[in-house]
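Just below is one structure, and these are the notes that go with it.
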Amino acid sequence: MQSDIIQLLVPYTVLSQKRREPFTREMEKAAIFCLAERERKKGGGIFSKQPVEEFAFIAKVCYPFWLVPLGETTLLLDGLNFASHTLTYKNIPDVETFLKNFERSSKTRETYMAFLTEYLNYFRAPESEIENIVDGLIVNPEFLNEFEGYLSNATQVDSPPSEMVVISPTIDEEEVKTIKKELQSLKNRLTEETNLLYKSMKCLNATTGDYIKALRGEIREIEEKLGAELGKKEETVRRKVEEVREKYDARITKISKDFEKQLYVLQQEKVKLEKKQKQLTDKIEHCEAEIKTAQITKDDVGEEKWKQELKKAKEQLAEVESELKETEKRIKEKESEKKIEIFNIKSECDAEISEIEKDLMEIEASRDAKIQIYKKEMEKLEELTSEIINKIDALVRLREATMVQFEKLGLKQKRRKCVRVHVPFYLACFRMQSEKRYAYFPPVEVNSIDASVKLKGVFGKTKIAQLLRPRSKAFNTLLNKLMILMEKNAVFRRGIDEAGAKLNVLRTKALREKIKEGLEQLRDEGWLSERELKTLRKELA
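Numbering (the numbering used here), first residue to last: 12 to 552.
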């Protein structure tokens, strides 16, 4: 069965913006040979001679990656499964169960109210989380950004060139499809959960709205029905109340007039006494004045006479004031008696009116009680619905935040098919007796020689190291893990060694001659001195 997987090959070298000169394959291999030669241990040592490392091989190796389409995003998978990512999301209650019970319980207002009460805390903030480990998934933003640069220069191939060592991915095509299927299934499920949560809020809003509308209708019906009944009774009651008020008003009028007559007599008596009090007071003052005059004129007879008159007047005044005080008391008592009589009449009137209005008040109380019950039910419906919807809305925000994370899992590219991407790097193997050591050289950008590079050459520093600049720092982390795997896994290391030896760029004289041509081209550009060229050519002999 033919695979429908597309394959892309990333070039090992790309030219920098400043470089205009071409960079041949021979120059590429020659530059890598120069760098590997710098890495190779040449022996030496003052007190004890160190052994010299030899090249076991220098080979161009393809590191496998996968591009996996997922909606508007393309996931990047590490084919050797050194990387992984854990998707974490909140575990929420089963929304379908909620909706099923909602449909069953929303047929009557009573069962719907019981349903809302039962499910008030169903959608409370989730405490547990679900972890989903995705093998090979790379989400590091720096790595993704650098990988997009790789893809911008990649070309589609049927398979990598035969001179490259192709590492078989640990995550094969079938596993890639499984990962894609599981992630798509998870994304669909989370999307479906979000849609069901929105549906739940919509259903709750609509159903509560319908029941509140129905309750308002029932309130209007009660107001209209009892309002008409009250209207009929109110006219009869009003007429009877007016008759009662007229009857009692007449009694109050009669009582008031009777008391006014009695008070009039008392007021007359009071006025007479007050006048008599004034006369006696004036007489006393006159007597006192005459006594003083008689004392001045030495009229003893006159003085005695006026003293007798003064005594008599004071006695009369005391009697008048006593009578006046008694009269005022009787007036107050009569006024109080009047108030009590009128109050009693009004109380009788109010009692008779209350009895007349009793039926009317019962109808009003019945109406108000029913309306109050319905209003409380409306408030309860709105309160429960609002609280449940707020909790659902919080879960929606959690789910939408998780969905946003899906968009950040990979590259901002939309693809239709899975793609296997081959990223080349050079691997140098150094042999020292029975020991082997490895050095890798990741994809590079080729620089142009400039004044600063030439200046370093003047001071005796090697210039070749400035020729190639690694395109990615993040890729090195995976290559480091690859080196660790080779150290720990003898079977894997042996496979790389055998393939590397088979495709060693130094294995034949013809290949070495090509590298020599590349060295001369590097010399011509100024990256190597004649002495360096001679030394390197000697190593290739």
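For glycine and all other residues, C-beta sits at the position ideal for the given N, C-alpha and C.
Among Met38, Val516 and Thr488, which one has its Cα closest to the Cα of Asp89?
Numbered from 1 along the sequence shown, position 78 holds the residue referred to as residue 89. Closest option to Asp89, Cα to Cα, is Thr488.
Let me check understanding here. Comparing Cα to Cα, which of Glu550, Leu409 and Asp508 lies closest to Ser139?
As a first step, residue 139 is located in the sequence shown; it is residue number 128 there, counting from the start. Selected option, being the one with the closest Cα: Leu409.
Applying the 10 Å Cβ sphere with the 16-neighbour rule, what's the burial state of Val415?
As a position in the sequence shown, residue 415 is number 404, starting the count at 1. Classification of Val415: exposed, given that the 10 Å Cβ count is below 16.
What is the DSSP secondary structure of Ala239, counted as helix, strand or coil?
Along the sequence shown, read from residue 1 onward, the residue named residue 239 stands at position 228. Three-state DSSP puts Ala239 in a helix.
Along the chain, where does the alpha helix (DSSP H) containing Ser333 start, and where does it finish?
Within the sequence shown, the letter at position 322 stands for residue 333. Counting along the chain, the alpha helix (DSSP H) containing Ser333 begins and ends at Asp311 to Glu418.
Exposed or buried, Lys71, counting other C-beta atoms within 10 Å across all chains shown (16 or more means buried)?
As a first step, residue 71 must be located in the sequence shown, where it is residue number 60. So Lys71 ends up on the buried side.
Return yes when the Cβ of Ile526 is within less than 7 Å of the Cβ of Ala47, no when it is not.
Locating residue 47 in the sequence shown gives position 36, counting from the first residue. Locating residue 526 in the sequence shown gives position 515, counting from the first residue. Cβ distance not < 7 Å, so Ala47 and Ile526 don't count as in contact.
Looking at C-beta atoms only, is the number of pairs between the region 358-371 and the region 153-173 that lie closer than 8 Å three or more?
Not touching, per the Cβ criterion.
Keeping to the same chain, check which residues put their C-beta closer than 8 Å to that of Val252; ignore five residues upstream and five downstream.
In the sequence shown, counting from the first residue as 1, residue 252 sits at position 241. Hits under 8 Å: Ile364, Ile367 and Glu368.
Tell me whether Tyr449 sits in a helix, a strand or coil according to DSSP, three-state version.
Numbered from 1 along the sequence shown, position 438 holds the residue referred to as residue 449. Tyr449: strand per DSSP, three-state reduction.
Where do the ends of the alpha helix (DSSP H) carrying Arg120 lie?
On the sequence shown, position 109 is the one that residue 120 refers to. Counting along the chain, the alpha helix (DSSP H) containing Arg120 begins and ends at Arg120 to Glu129.
Answer with buried or exposed for Glu204, where buried requires no fewer than 16 other C-beta atoms within 10 angstroms of its C-beta.
For the purposes of this step, residue 204 is taken as residue 193 along the sequence shown, with counting starting at 1. Buried, because 16 or more other Cβ atoms sit within 10 Å of the Cβ of Glu204.
With H, G and I counted as helix, E and B as strand and the rest as coil, what does DSSP make of Leu522?
Translated into positions along the sequence shown, residue 522 becomes position 511. Helix.
By a C-beta neighbour count over all protein chains shown, 10 Å radius and 16 as the cutoff for buried, is Gln13 buried or exposed?
For the purposes of this step, residue 13 is identified with residue 2 of the sequence shown, where counting begins at 1. For Gln13, the predicted structure reports a pLDDT of 49, less than 50, and the residue's modelled location is therefore unreliable. A value from the coordinates is still provided. Per the 10 Å Cβ criterion, exposed.
What's the C-alpha gap between Ala380 and Glu337?
Locating residue 380 in the sequence shown gives position 369, where the first residue counts as 1. Locating residue 337 in the sequence shown gives position 326, where the first residue counts as 1. Straight-line Cα distance between these residues: approximately 57 Å.
Using a Cβ-Cβ cutoff of less than 8 Å, which residues in the same chain neighbour Gln288 once the five nearest sequence positions on both sides are dropped?
For the purposes of this step, residue 288 is taken as the residue at position 277 of the sequence shown. The residues are Leu328, Val331, Glu332 and Leu335.
Buried or exposed: Ser358, going by 16 or more other Cβ atoms within 10 Å of its Cβ?
The count along the sequence shown starts at 1 and reaches residue 358 at position 347. That one is exposed.
Residues bridged to Trp77 by DSSP?
Here residue 77 refers to the residue found at position 66 when the sequence shown is read from its first residue. Paired residue(s): Leu88 and Arg431.
With Asn151 and Ala485 assumed to form a contact (beta carbons below 8 Å), what rounded beta-carbon distance in angstroms separates them?
Along the sequence shown, read from residue 1 onward, the residue named residue 151 stands at position 140. Along the sequence shown, read from residue 1 onward, the residue named residue 485 stands at position 474. That belief holds up - the Cβ atoms of Asn151 and Ala485 are roughly 6 Å apart, short of 8 Å.
Sort Leu551, Ile507 and Leu208 by Cα distance to Thr519 and report the nearest one.
Counted from its first residue, the sequence shown places residue 519 at position 508. Ranking the options by Cα distance to Thr519, first place goes to Leu551.
Express the C-alpha separation of Val455 and Val25 in angstroms, rounding to a whole number.
By one-based count along the sequence shown, residue 25 stands at place 14. By one-based count along the sequence shown, residue 455 stands at place 444. Distance between the alpha carbons of Val25 and Val455 is about 7 Å.
At the level of alpha carbons, what is the spacing between Leu478 and Lys423?
Position 467 of the sequence shown holds residue 478. Position 412 of the sequence shown holds residue 423. Approximately 32 Å between the Cα atoms of the pair.
Whole angstroms are fine: how far does the CA of Asp105 sit from the CA of Glu411?
Locating residue 411 in the sequence shown gives position 400, where the first residue counts as 1. Locating residue 105 in the sequence shown gives position 94, where the first residue counts as 1. Answer to the nearest angstrom: the Cα atoms are 17 Å apart.
Out of curiosity, what's the CA-to-CA distance linking Ala305 and Glu326?
Your numbering for residue 305 matches position 294 in the sequence shown. Your numbering for residue 326 matches position 315 in the sequence shown. One C-alpha to the other measures close to 22 Å.
Kindly provide the ranges of any beta strand (DSSP E) runs that are 3 or more residues long and lie completely inside the region 242-308, ordered along the chain.
The region 242-308 contains no whole beta strand (DSSP E) run of 3 or more residues.
Tell me the residue span of the alpha helix (DSSP H) that contains Lys492.
Position 481 of the sequence shown, counted from the start, is the residue given in the question as residue 492. Counting along the chain, the alpha helix (DSSP H) containing Lys492 begins and ends at Ala485 to Lys499.
At what residues does the beta strand (DSSP E) containing Leu479 begin and finish?
The residue given as residue 479 occupies position 468 in the sequence shown. Residues Leu479 to Pro481.
Could you name the residues that DSSP lists as bridge partners for Tyr100?
Residue mapping note: residue 100 aligns to position 89 of the sequence shown, counting from 1. Tyr100 pairs with Ile141.
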